[in-house]
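Sequential numbering from 0 applies to the sequence shown in numbering that gives the first Met the number 0.
Glycine included, C-beta positions come from ideal geometry on N, C-alpha and C.
Everything on this sheet refers to the single structure shown next.
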Amino acid sequence: MHKEAAIREPLILGHKTYHDITEDVCRPIEDKAPRTWYILFAIALIIGLYGVGCILYLLGTGVGVWGLNKTIGWAWDITNFVWWVGIGHAGTLISAVLLLFRQKWRMAINRSAEAMTIFAVFMAGLFPLIHMGRLWLGYWVLPLPNQFGSLWVNFNSPLLWDVFAISTYLSVSLVFWYIGLIPDFATIRDRAKKPIPKKMYSMLSFGWSGRAKHWNRFELVSLVLAGLATPLVFSVHSIVSFDFATSVIPGWHTTIFPPYFVAGAVFSGFAMVQTLLLVMRKAMGLEAYIHTKHVEYMNIVIMVTGSIVGTAYITELFISWYSGVEYEGYAFFNRATGPYWWAYASMMTCNVISPQLMWFKKLRRSLLFTFIISIVVNIGMWFERYVIIVTSLHRDYLPSSWSMHFPSHIDIGVYVGTIGLFFVFFLLFARFFPVLALNEVKTILKSSGESYKNAPDPHHDDDPTPETPKVEAVAPVVEEAPAEAPTKVEAPKVDKKVKLSAEEAKAKAGALISKLGEGSAETKDDLKVISGVGPVLEGKLNDIGIFTYAQVSKMTKEEYDLLDELTGSFPGRAERDDWAGQAKELMNKSNS
Numbered sequence: 000m001h002k003e004a005a006i007r008e009p010l011i012l013g014h015k016t017y018h019d020i021t022e023d024v025c026r027p028i029e030d031k032a033p034r035t036w037y038i039l040f041a042i043a044l045i046i047g048l049y050g051v052g053c054i055l056y057l058l059g060t061g062v063g064v065w066g067l068n069k070t071i072g073w074a075w076d077i078t079n080f081v082w083w084v085g086i087g088h089a090g091t092l093i094s095a096v097l098l099l100f101r102q103k104w105r106m107a108i109n110r111s112a113e114a115m116t117i118f119a120v121f122m123a124g125l126f127p128l129i130h131m132g133r134l135w136l137g138y139w140v141l142p143l144p145n146q147f148g149s150l151w152v153n154f155n156s157p158l159l160w161d162v163f164a165i166s167t168y169l170s171v172s173l174v175f176w177y178i179g180l181i182p183d184f185a186t187i188r189d190r191a192k193k194p195i196p197k198k199m200y201s202m203l204s205f206g207w208s209g210r211a212k213h214w215n216r217f218e219l220v221s222l223v224l225a226g227l228a229t230p231l232v233f234s235v236h237s238i239v240s241f242d243f244a245t246s247v248i249p250g251w252h253t254t255i256f257p258p259y260f261v262a263g264a265v266f267s268g269f270a271m272v273q274t275l276l277l278v279m280r281k282a283m284g285l286e287a288y289i290h291t292k293h294v295e296y297m298n299i300v301i302m303v304t305g306s307i308v309g310t311a312y313i314t315e316l317f318i319s320w321y322s323g324v325e326y327e328g329y330a331f332f333n334r335a336t337g338p339y340w341w342a343y344a345s346m347m348t349c350n351v352i353s354p355q356l357m358w359f360k361k362l363r364r365s366l367l368f369t370f371i372i373s374i375v376v377n378i379g380m381w382f383e384r385y386v387i388i389v390t391s392l393h394r395d396y397l398p399s400s401w402s403m404h405f406p407s408h409i410d411i412g413v414y415v416g417t418i419g420l421f422f423v424f425f426l427l428f429a430r431f432f433p434v435l436a437l438n439e440v441k442t443i444l445k446s447s448g449e450s451y452k453n454a455p456d457p458h459h460d461d462d463p464t465p466e467t468p469k470v471e472a473v474a475p476v477v478e479e480a481p482a483e484a485p486t487k488v489e490a491p492k493v494d495k496k497v498k499l500s501a502e503e504a505k506a507k508a509g510a511l512i513s514k515l516g517e518g519s520a521e522t523k524d525d526l527k528v529i530s531g532v533g534p535v536l537e538g539k540l541n542d543i544g545i546f547t548y549a550q551v552s553k554m555t556k557e558e559y560d561l562l563d564e565l566t567g568s569f570p571g572r573a574e575r576d577d578w579a580g581q582a583k584e585l586m587n588k589s590n591s
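Take a look at the structure:
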């Protein structure tokens with residue numbers, strides 16, 4: 000087991016065991032939902048239904064109910080589309096990129112971030128469909144066979160690129176999210192007592208049994224999907240930026256848009272993750288798994304991407320002056336001093352100034368400050384999209400066509416409604432799905448858990464000081480060894496990876512059976528029913544002398560460690576999958 004440096008803060012607080020993690024994550028699903036959940040769900044549902052009503056009115060009446068005019072043909076609809084796509088960026092970054100870099104801190108936040116990504120992309124996809132005016136003809140944006148007629152889409156249009164980019168992004172994100180959920184669904188399935196939830200989670204878990212073959216495929220598929228999803232993190236919002244950058248409108252026609260939009264998307268996405276997780280950790284009692292260290296890491300990402308966005312703003316201003324193009328210079332001068340100066344000032348304050356406060360460690364580790372800044376950042380990012388779109392359009396080349404944009408109540412209703420629908424989806428997710436990656440969090444318990452980081456290492460005998468705990472921890476191993484063996488050899492440095500001799504294996508097997516009790520092949524139970532035990536592992540257990548659920552149910556940490564040494568395969572699996580707890584449940588079922 001890899002041991003982290005002591006200077007690193009633990010990622011799991013308190014004296015948690017594998018069983019504690021299972022209980023803490025499954026409790027919100029298995030227990031009755033608190034009253035607060037029902038209140039929040041009702042509020043979100045009412046707001047969402049109001050938005051649906053506005054959308055239906057819009058479709059029945061036409062896009063003329065929006066506050067658009069001949070000059071400003073794009074406004075709130077595309078602003079909201081780009082804003083939601085940006086929010087959906089953080090999930091894939093946390094899932095794919097941080098997975099490839101083996102960042103352990105992602106494991107407590109990736110599940111909720113991935114869910115947030117999917118729901119945000121759902122909301123984003125509504126706006127281009129609504130903007131078509133005829134929602135039922137949305138399939139016209141796809142390349143169709145000739146049987147549908149001679150109408151073909153314009154493959155040179157960035158608007159078509161959006162369709163392919165976002166649909167691919169949604170598909171990969173959805174598969175990535177669901178693959179990660181399968182082992183956790185299996186855990187909930189095995190714990191379920193009522194027939195309907197058990198059947199539902201059995202279907203969702205696709206027959207997952209925790210065998211080595213399943214875990215091997217799980218790891219392989221996760222890495223492949225991470226490799227596929229990583230380019231999407233950079234390509235999707237780059238393509239969204241081409242909606243503007245490929246035009247000739249002053250304020251849009253700039254090559255800095257792709258990296259600028261990608262940085263802004265990660266910036267706003269991480270801010271929304273902070274907003275959701277800070278509320279969820281408190282409401283669901285997950286403070287031990289999502290705490291100041293996770294918040295600090297995310298705030299560092301917000302600070303870096305916020306600095307990139309601020310640099311992009313300054314670069315835009317410089318290039319508009321340096322280019323010598325009168326129209327380009329006026330576009331940016333008008334943003335800062337024209338009738339929409341307040342939107343520009345809000346954008347600069349929220350997106351440039353507020354992230355720089357994260358340089359102060361005390362502030363970036365403050366949960367209250369982080370919650371406030373996360374909301375401020377997303378307000379600022381909405382204003383950024385509004386400023387880019389509206390202020391570049393409302394002052395055209397001809398002063399006679401200059402105009403102003405005033406959103407209608409339908410504009411506002413549709414936008415607010417998508418926020419309500421987003422929270423409806425997220426609250427349902429938090430109620431019925433595990434919000435933490437249960438099995439992934441368990442993999443870092445022994446390397447990043449507080450109780451394990453502070454405990455002495457029983458396999459480290461390099462410390463020459465006799466009174467240190469590390470040397471004392473070797474003593475039991477010396478006492479159990481054969482008498483004729485030299486004392487120095489009795490404490491191997493990595494005893495879980497060194498193959499035991501026949502005599503040592505026999506001695507340890509005898510010690511294990513003396514603690515678990517005798518069993519016989521005549522009265523054996525089907526140990527393969529226990530999640531994580533396959534035919535090969537069952538044979539090894541039988542060879543040791545373990546045949547019954549009663550024996551397995553007596554296992555504690557000491558017996559788990561002895562078993563790991565004897566089987567030599569997948570150390571920690573028995574404790575992680577809580578074989579003792581599973582065996583007790585199986586015994587109760589057979590007795591009832």
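{"query": "Contact set for residue 122: own chain, Cβ-Cβ below 6 Å, skip 5 residues either direction", "result": "83, 417 and 421"}
{"query": "Coarse secondary structure for residue 592, derived from DSSP in three states", "result": "A question about residue 592 goes unanswered here, because the residues of the chain that appear run from 0 up to 591."}
{"query": "Beta-carbon gap between residue 119 and residue 235 smaller than 9 Å", "result": "no"}
{"query": "Of the listed residues 95, 32 and 153, nearest to residue 174 (C-alpha basis)", "result": "95"}
{"query": "When 517, 369 and 395 are compared against residue 355, the one with the closest alpha-carbon", "result": "369"}
{"query": "Per-residue burial, residue 400 [other beta carbons within 10 Å of its own, 16 or more giving buried]", "result": "exposed"}
{"query": "Residue 579 to residue 306 span [Cα, whole Å]", "result": "51 Å"}
{"query": "Cβ-based burial, residue 593 [other Cβ within 10 Å; buried from 16]", "result": "The first residue shown for the chain is 0 and the last is 591, placing residue 593 beyond what the model contains."}
{"query": "Exposure label - residue 393; buried when at least 16 CB within 10 Å", "result": "buried"}
{"query": "Cα-Cα separation, residue 365 to residue 372", "result": "11 Å"}
{"query": "Selection from 530, 537, 583 and 532 that minimises the alpha carbon distance to residue 554", "result": "583"}
{"query": "Buried or exposed (CB count within 10 angstroms, at least 16 for buried), residue 200", "result": "buried"}
{"query": "Own chain residues within Cβ distance below 6 Å of residue 531, not counting five before or after", "result": "209, 572 and 576"}
{"query": "Length of the line joining the Cα atoms of residue 28 and residue 100", "result": "31 Å"}
{"query": "The stretch 241-250 in contact with the stretch 265-281 per 3-pair CB rule at 8 Å", "result": "no"}
{"query": "Residue of 72, 111 and 12 minimising C-alpha distance to residue 130", "result": "72"}
{"query": "Straight-line gap, residue 108 to residue 41 (C-alpha atoms, nearest Å)", "result": "26 Å"}
{"query": "Through-space distance from residue 5 to residue 352, alpha-carbon basis", "result": "35 Å"}
{"query": "Reduced DSSP category for residue 50 - H, G, I as helix; E, B as strand; rest coil", "result": "helix"}
{"query": "Alpha-carbon to alpha-carbon, residue 23 and residue 30", "result": "11 Å"}
{"query": "Buried versus exposed, by CB contacts within 10 Å (16 or more), residue 207", "result": "buried"}
{"query": "Where the alpha helix (DSSP H) through residue 252 begins and ends", "result": "Looking at the DSSP string, residue 252 is not in any alpha helix (DSSP H), and its letter there is neither H nor E."}
{"query": "Contact under 9 Å by Cβ, residue 435 with residue 285", "result": "yes"}
{"query": "Among 552, 125 and 543, nearest to residue 563 - alpha-carbon criterion", "result": "543"}
{"query": "Short Cβ contact (9 Å threshold) for residue 248 with residue 391", "result": "yes"}
{"query": "Outcome for residue 11 when other beta-carbon atoms lying within 10 angstroms are tallied against a minimum of 16", "result": "buried"}
{"query": "Residues near residue 518 by beta carbon distance below 7 Å, same chain, minus five either side", "result": "544, 545, 546, 547 and 550"}
{"query": "Span separating the alpha-carbon of residue 533 from that of residue 419", "result": "46 Å"}
{"query": "Terminal residues of the alpha helix (DSSP H) in which residue 295 lies", "result": "291-321"}
{"query": "Inter-residue Cα distance where the pair is residue 514 and residue 504", "result": "16 Å"}
{"query": "Own chain, CB closer than 6 Å to residue 19, minus 5 neighbours either side, in chain order", "result": "none"}
{"query": "Every unbroken alpha helix (DSSP H) inside the stretch 372-435 [4 residues or more]", "result": "408-431"}
{"query": "Assigned secondary structure, residue 129 (DSSP; H/G/I helix, E/B strand, else coil)", "result": "helix"}
{"query": "Straight-line Cα distance separating residue 565 from residue 126", "result": "60 Å"}
{"query": "Unbroken alpha helix (DSSP H) run spanning residue 81, endpoints", "result": "75-86"}
{"query": "Minimum C-alpha distance to residue 188 - residue among 521, 526 and 202", "result": "202"}
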